[in-house]
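There are 2 protein chains.
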Amino acid sequence: MKKTYLGEFEEVVLTMVGVIGEGAYGNRIVEEVEKQLNRSVNLSAVHITLYRLEDKGLVSSDMGGVTSSRGGRRKRFFKITNPGLAMLKDLQEQRTKLWKLIPGMNSSAL
Amino acid sequence: MKKTYLGEFEEVVLTMVGVIGEGAYGNRIVEEVEKQLNRSVNLSAVHITLYRLEDKGLVSSDMGGVTSSRGGRRKRFFKITNPGLAMLKDLQEQRTKLWKLIPGMNSSAL
DNA sequence: TCTCATTTCTCTACAGTGTAAAGAATCTCT
DNA sequence: AGAGATTCTTTACACTGTAGAGAAATGAGA
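Here it is in C-alpha cells:
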C-alpha cells in the first residue's frame, strides 16, 4: 500500500478487473482490454500493473485451484477492493463534472 | 507531434485548458486545477506538461501582448486544438461505456 | 537610464508509470 | 519421468509526474 496516484494504464487494468468481476487473471484481462478498447497489450505489462495496484490496495489476489482442464501454471485471480471501487467512483465524479464545463463536449453522451 | 498516448496529469492539464477556454496560461491553470480538483500542483509541472501536449499537437500556444498591468514576463497562452478536443471526447466515450459494465458503479451519476 | 521587485517561462533532474522481453514455475498428458 | 502448454515473475528501459533552480522580460521608482 503506497501512493494513491493512479496512472493511465493502471486505471485501464483496474477498470477491467471491475468489469470482469469473478475470474479475472492475466490472459483474461488481456483479452478483455483488446475486446473493449481495441488496443493490443502485453501480458507482462498487465501483470506488473496488477502488482502495483495490489501494492496500493486497489485489488487483491489469491491463487486459483488445480482445476485447469489443460496444463499450465496455476492462475492468480484478482478482484477489485472497496478502496479500488471508491477510487473509480471518485474519478468518474471528478471527470463528469469537468466535462460539463468544456465547450464542445457533448454532455448528452453521458 | 509524437505519440498519441496521454498520461494522467497530461489529461488533467488538457482538460483544464479546455475548461478555461480563452486566456489559459501557467498560473491560471494552476489555480484552476487547485480550484476544480482540490489538488496542489507545481507551476513548472504544468509548464513542462503543456510543452509535451504541444509536441503531441493537442494544444497550441502563442505569446500574449504587453498588456500586463503589473510587471513580469509576457504570458504564453495555450488553447486546445481540434485533435485535443477529439481525444477528450474519445476518452469520455470509452469510459462511460466501461463504467456501465462495472457492478457497483452508479450509472445515474453520469 | 539604471537598478529592483515582480511575474512568468525554461532547463535540469530524478522518481514513478508504461511496455516489452526473457525466463522460471507448475500443470496435464503420454 | 519427460515434453509441451500455460501462466506467473523478474529484469530492463523509455515515457510521464513532479519539484527545484534559474533565466528572461516587464513596470516602477530613484
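The listed protein sequences correspond, in order, to chains Z and V.
So in the numbering used here, spot 68 of the first sequence is number 68, and the numbers just go up one at a time.
In the numbering used here, each residue's number is its place in the second sequence (first place is 1) plus 1000.
We put the CB at the ideal spot given by N, CA and C, even for glycine.
Given the structure is predicted, the values throughout are model-derived calculations rather than measurements.
### Query
Taking the Cβ atom as the reference point for each residue, do residue 37(Z) and residue 1015(V) lie within a distance shorter than 8 Å?
Looking up residue 37(Z) in the first sequence gives position 37. Looking up residue 1015(V) in the second sequence gives position 15. The answer is no: Cβ separation not under 8 Å.
### Message
Are there any heavy atoms of the ligand FMN lying less than 7 Å away from the beta-carbon of residue 1095(V), as far as the coordinates show?
### Response
With respect to the ligand FMN, the structure shown offers nothing to examine, as it has no ligands at all.
### Task
With DSSP collapsed to three states, give me the class of residue 1087(V).
Residue 1087(V) sits at position 87 when you count from the first residue of the second sequence. Three-state DSSP puts residue 1087(V) in a helix.
#### Entry: At least 3 beta-carbon pairs within less than 8 Å: the segment 6-24 of chain Z vs the segment 46-55 of chain Z
yes
### Message
Can you check which of these residues, 1078(V), 1033(V), 1096(V) and 1032(V), is closest to residue 107(Z) by C-alpha distance?
### Response
Within the first sequence, residue 107(Z) is the residue found at index 107, counting from 1. The shortest Cα separation from residue 107(Z) among 1078(V), 1033(V), 1096(V) and 1032(V) belongs to 1096(V).
### Query
Is the beta carbon of residue 62(Z) sitting closer than 8 Å to the one on residue 77(Z)?
Your numbering for residue 62(Z) matches position 62 in the first sequence. Your numbering for residue 77(Z) matches position 77 in the first sequence. In contact: residue 62(Z) and residue 77(Z) (Cβ atoms closer than 8 Å).
### Message
So residue 88(Z) and residue 21(Z) are supposed to be a Cβ contact under 8 Å. How far apart are they, rounded?
### Response
Counted from its first residue, the first sequence places residue 88(Z) at position 88. Counted from its first residue, the first sequence places residue 21(Z) at position 21. Residue 88(Z) to residue 21(Z), Cβ: 14 Å. No contact.
### Query
CB residue 41(Z) to CB residue 59(Z), shorter than 8 Å?
Taking the first sequence and counting its residues from 1, one reaches residue 41(Z) at position 41. Taking the first sequence and counting its residues from 1, one reaches residue 59(Z) at position 59. No.
### Query
Taking the alpha-carbon positions, what's the residue 1039(V) to residue 1033(V) distance?
As a working mapping, residue 1039(V) is identified with position 39 in the second sequence. As a working mapping, residue 1033(V) is identified with position 33 in the second sequence. Distance between the alpha carbons of residue 1039(V) and residue 1033(V) is about 7 Å.
### For residue 1045(V), the nearest candidate out of 1101(V), 1056(V), 1057(V) and 1025(V) (CA to CA)
The sequence position of residue 1045(V) within the second sequence is 45, counting from 1. The shortest Cα separation from residue 1045(V) among 1101(V), 1056(V), 1057(V) and 1025(V) belongs to 1025(V).
### Message
According to DSSP, residue 1061(V) sits in a beta bridge with which residue or residues?
### Response
Here residue 1061(V) refers to the residue found at position 61 of the second sequence. 1078(V), per the DSSP bridge assignment.
### Message
With a threshold of 8 Å between beta carbons, is residue 1031(V) in contact with chain Z?
### Response
Stepping through the second sequence from its first residue, residue 1031(V) is reached at position 31. Cβ-Cβ to chain Z under 8 Å: no for residue 1031(V).
### Query
Can you name the residues that DSSP bridges to residue 1024(V)?
As a working note, residue 1024(V) is residue 24 in the second sequence. Answer is 1078(V).
#### Entry: Cα-Cα separation between residue 1035(V) and residue 1013(V), rounded to whole angstroms
To locate residue 1035(V), count along the second sequence from 1; it is residue 35. To locate residue 1013(V), count along the second sequence from 1; it is residue 13. Between residue 1035(V) and residue 1013(V), the C-alpha separation is close to 13 Å.
### Query
Beta-carbon of residue 1002(V) versus every beta-carbon of chain Z: anything under 8 Å?
To locate residue 1002(V), count along the second sequence from 1; it is residue 2. Interpretation of residue 1002(V) is limited by its pLDDT of 48, a score under 50 that renders its predicted location unreliable; the figure taken from the coordinates is listed afterwards. No, because no Cβ of chain Z sits closer than 8 Å to the Cβ of residue 1002(V).
#### Entry: Under 8 Å between C-beta atoms of residue 1064(V) and residue 1075(V)
Your numbering for residue 1064(V) matches position 64 in the second sequence. Your numbering for residue 1075(V) matches position 75 in the second sequence. Taking 8 Å as the Cβ cut-off, residue 1064(V) and residue 1075(V) qualify as a contacting pair.
### Task
With DSSP as the reference, label residue 98(Z) as helix, strand or coil.
Sequence index remark: in the first sequence, residue 98(Z) carries index 98 (1-based). Under the three-state reduction of DSSP, residue 98(Z) is assigned to helix.
### Delimiting residues of the alpha helix (DSSP H) encompassing residue 109(Z)
Position 109 of the first sequence holds residue 109(Z). Premise fails: residue 109(Z) is in no alpha helix (DSSP H) and is neither H nor E.
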